[in-house]
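Notes for the one structure printed next.
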Amino acid sequence: MPKRRSPKQRVLNHFHLAVIFFSAAAISLGLILALIYFYLSLNLPSISKLANYEPPATTTVLDHRGEVLAYWYKERRFPVPLSQVPPYLIQAFVSAEDARFYEHQGLDFWSILRAIIIDIKERRIVQGGSTITQQVARALLLTRERTFKRKLKEAILAWQIDSALTKDEILTIYLNQIYLGAGAYGVEAAARTYFNKHVWELTLPEAALIAGLTPAPSLYNPFRNPELALKRRAYVLKRMAEEGYISLETAQKAMASPLKLNPGDFSPKKEALYFLTVLKSRLEKKLGESLYTGGYTIYASLDLLWQEEAQKRLKEHLKLIAKRNKQKDIPQGAIICLDNKSGAVRVLIGGRDFDHNQFNRAIQARRQPGSAFKPLIWAAALEKNLATAASQIVDEPVVLPGAKPGSYWQPKNFDKGYLGPISLRTALVHSRNTAAVKLAYAVGLPDVITMAKTMGINSPLARDYSIALGSSGVSLLELVRAYSVFANQGVLNEETLVDSIFDRHGQEISWEKSSKRVLSAETAYIMEFLLHEVVRAGTGRCAKQLGVWVAGKTGTTDNYHDAWFIGFTPEVTCGVWIGYDRIKPLGRLETGGRAACPLWVEVMKSRPNNYKNKNPEPPQGIVFIETKDFDPLRGEETLLFPFKEQNIPELKNSLPRRTFPSILRELLRPLGF
């Protein structure tokens with residue numbers, strides 16, 4: 012008969028069984044948790060990218076003086092180091108979001124337990140209980156789905172992050188990454204958005220309001236719900252007092268502070284929109300998508316103050332043209348001003364109102380330049396040494412083969428008359444059409460087209476001699492670019508819309524700028540002389556009102572459809588075009604000299620004061636000779652003509668000046684065509 016176990020033994024046996032059961036359960040639970048951890052860890056994103064945290068950042072575009080033109084971004088964020096964040100803003104976030112942030116290791120188990128109990132009661136995820144570290148994990152490494160699996164992943168990542176990073180590093184990521192409503196990401200963007208100031212300039216009440224936005228940025232948005240925003244601010248201030256960061260008296264005083272919002276303006280400068288559209292298009296080709304995420308600082312070439320003044324004067328002038336011709340429709344206009352030395356675009360206006368019409372007439376439009384194209388013909392003749400500024404050409408009727416077989420073309424002058432034998436200087440000064448066509452014929456059509464393209468004309472040009480009168484459409488930019496060659500001693504600087512670019516670390520990005528010689532310095536200087544004469548005594552007389560040394564040329568097309576003036580000083584080349592989009596006359600006698608030149612003068616008068624008023628210096632190889640020249644309006648004049656020294660081989664420095672005219676009469680014979 013088996014021996015009966017005593018009650019004590021039975022209790023011990025039950026205890027042993029319980030120990031074995033709970034031990035097995037604990038081991039099993041541990042194994043299950045380990046397997047879950049291992050399984051979830053296999054699919055977790057790496058936290059390595061947090062070590063070199065660089066969030067998408069806003070690119071800031073400034074004009075060349077440092078005035079803000081635009082912000083380009085996918086997420087409006089301006090990352091700042093923790094050293095620039097005021098301590099009370101950090102304390103506000105910690106008090107409201109994670110009071111034990113400096114004590115736990117990424118997870119606050121008491122908060123998690125409290126959240127689990129609430130979630131079980133509600134049978135859904137309603138309470139977060141997330142630490143700041145968990146919020147960093149969720150924002151940067153996970154989705155925002157509200158599932159237990161995601162919460163487990165978040166917990167594991169938070170522990171890993173806290174093990175790998177310091178508390179300050181975690182805070183830096185958090186304060187720059189977090190979304191705070193109204194399109195603002197991070198505390199610096201929030202400070203600019205709600206108060207139009209930097210984060211380090213925030214007051215305690217302002218800091219508390221921003222910290223209170225975290226749980227529901229849209230709900231607590233002070234622009235939409237100021238009362239809720241103030242209640243949430245009060246909660247944050249109360250928590251700061253409870254955590255000992257501020258006194259209760261300080262908290263109450265901050266709670267009583269009125270809400271003083273000052274919305275920041277992140278819209279681009281209205282007057283710069285034509286320029287910014289072109290700039291963005293060009294930079295996208297160089298920087299790609301990083302243009303909107305890389306946090307670049309771009310110093311654009313634009314001079315905003317000059318641009319604003321030019322835009323104002325354009326609108327006023329276009330209204331004046333419409334009024335004096337009794338037109339209901341106001342014409343369009345375009346302006347471009349280049350810095351000769353650098354090629355920098357200082358002014359770019361593509362129309363009178365970007366909001367009304369985004370078509371950029373300064374770059375996209377191809378309009379007939381009329382006589383504004385003629386200087387390129389003169390430059391080609393001078394460069395080939397076919398003629399000098401004093402060479403004679405006969406202004407007379409001329410007939411050339413037409414575009415169609417068996418047809419003929421007879422160019423005529425604007426005044427329908429002819430002057431007979433005149434110098435090339437006089438022919439350009441008074442814009443004689445027949446002389447231009449004859450000179451183009453002497454140069455040769457292929458060389459004329461080559462010269463135009465060499466000087467920056469990229470638009471297709473008709474292969475007939477009507478191009479001498481500007482029959483082929485070109486853009487304002489192309490024509491201004493070509494004229495800048497004269498002002499820049501024969502060097503073509505490709506226009507640039509950027510002065511410099513810096514990445515988010517302050518390192519300058521290399522920016523290639525094309526520059527090449529396309530004319531001899533001697534030819535460029537003689538063209539300066541000729542175009543200055545156009546202003547002194549010819550069709551560009553209006554430009555004398557600027558009061559400094561100026562060279563330039565007018566352009567007018569048939570029936571006054573287009574009016575141009577391209578002019579330059581030694582430092583700036585500026586072009587103006589005026590016309591209707593749907594081609595029609597501007598009005599009777601609305602020539603380049605009457606419609607475009609006065610606007611050019613107003614634009615140039617508003618240029619910055621740092622441009623010096625000086626005359627161009629002649630290069631080596633230029634010889635000045637007193638020469639008599641007949642002008643139909645001014646009579647006979649004695650002028651100092653510039654000549655290429657190589658064109659006057661017999662000229663010796665020892666020769667007395669009085670012999671120069673007699674030598675010239677022998678050397679400078681008519682071209683004979």
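Heads up: the sequence shown begins at 12 in the numbering used here, then just goes up one per residue. Backbone N, C-alpha and C fix where the C-beta goes; we use that ideal spot for every residue, glycine too. Every value quoted in this text rests on a predicted model; they were computed, and no experiment measured them.
* For S495, the first and last residue of its enclosing beta strand (DSSP E) -> Looking at the DSSP string, S495 is not in any beta strand (DSSP E); the run it does join, the alpha helix (DSSP H), is 487-498.
* For H367, is the classification buried or exposed, using 16 other Cβ atoms within 10 angstroms of its Cβ as the cut-off for buried? -> exposed
* **Inter-residue spacing [alpha-carbon to alpha-carbon] between G484 and I388** => 16 angstroms
* To do: Could you tell me which residues DSSP pairs with Y196 in its beta bridges?
  => R88, Y190
* To do: Work out the CA separation of H572 and N351 for me, nearest whole Å.
  => 29 angstroms
* **First through last residue of the beta strand (DSSP E) which encompasses C348** => 343-350
* To do: For V289, name the three-state secondary structure that DSSP assigns.
  => helix
* Asked: When the Cα of N504 is compared with those of I520, I167, Y494, which residue comes out closest?
  -> The option with the nearest alpha carbon to N504 is Y494.
* Taking the beta strand (DSSP E) that R335 falls in, what are its first and last residues? -> No beta strand (DSSP E) contains R335, which is instead part of the alpha helix (DSSP H) from 315-335.
* With a floor of 3 residues, list each beta strand (DSSP E) that falls wholly inside the region 529-580, ordered by position along the chain. => 562-567, 573-579
* Cβ neighbours of Q145 in the same chain (closer than 6 angstroms, five flanking residues each side left out) -> E165, A169
* Just grab the DSSP bridge partners of E582 for me. => The partner list for E582 (beta bridge, DSSP) is empty, contrary to what the question assumes.
* For P653, three-class secondary structure by DSSP -> In the three-state reduction of the DSSP assignment, P653 falls in the strand class, which pools E and B.
* To do: Taking only runs that begin and end inside the region 581-648, name each unbroken beta strand (DSSP E) of 3 or more residues, in chain order.
  => 583-590, 633-642
* To do: Under 6 angstroms Cβ to Cβ from K385, same chain only, skipping five residues before and after it: list those, please.
  => Closer than 6 angstroms at the Cβ level, and outside the excluded window around K385, lie A447.
* **Cutoff 6 angstroms; reference D173; Cβ partners in own chain excluding five residues on either side** => Q116, G117, T144
* Look at A240 and L224 and say whether their C-beta atoms are less than 9 angstroms apart. => The answer is yes: Cβ separation under 9 angstroms.
* Asked: In terms of DSSP beta bridges, what is W83 paired with?
  -> T70
* Asked: In whole angstroms, what is the alpha-carbon distance linking G77 and I512?
  -> Roughly 12 angstroms between the two C-alpha positions.
* When the distance is taken between beta carbons, is L541 closer than 9 angstroms to L435? -> yes
* Asked: Taking three-plus beta-carbon pairs below 8 angstroms as touching, is the region 556-566 in contact with the region 298-308?
  -> They do not touch, by the three-pair rule.
* Supposed contact pair A150 and L188 - C-beta distance, whole angstroms, cut 8 angstroms -> Checking the sequence shown, residue 188 turns out to be Gln, not Leu. Correct: roughly 5 angstroms between the Cβ atoms.
* Is it right to say T461 is buried, meaning 16 or more other beta carbons lie within 10 angstroms of its own, or is it exposed? -> exposed
* Beta-carbon proximity of C585 to M615, cut-off 9 angstroms -> yes
* **Span separating the alpha-carbon of G632 from that of Q657** => 7 angstroms
* Asked: Can you tell me whether DSSP reads V410 as helix, strand or coil?
  -> coil
* Asked: Looking at I404 and P432, is the spacing between their C-beta atoms short of 9 angstroms?
  -> yes
* Give the DSSP-derived three-state secondary structure of R357 in the structure shown. => strand
* **G253 burial status per 10 Å Cβ neighbour count (16 or more: buried)** => In the sequence under discussion, the amino acid at residue 253 is Glu, which differs from the Gly named in the question. Burial call: exposed.
* 9 angstroms Cβ cutoff met for N570 and A535 -> Contact flag unset, no.
* **Spatial distance of A262 from I309 (CA atoms)** => A straight line joining the alpha-carbon of A262 with that of I309 spans about 42 angstroms.
* To do: Assess, as a yes-or-no matter, whether the region 347-364 is touched by the region 312-330 under the definition of 3 or more beta carbon pairs within less than 8 angstroms.
  => By the Cβ criterion, the region 312-330 is in contact with the region 347-364, since at least three pairs of Cβ atoms, one from each stretch, lie closer than 8 angstroms.
* Roughly how many angstroms separate the alpha carbons of L411 and F286, rounded to a whole number? -> 43 angstroms
* Assign P90 to one of two classes, buried (16 or more other C-beta atoms within 10 Å of its C-beta) or exposed (fewer than that). => buried
* Asked: Would you call the CB atoms of A383 and L490 closer than 9 angstroms?
  -> yes
* To do: Would you mind working out which of A376, H543, E544 sits nearest N469, comparing C-alpha positions?
  => A376
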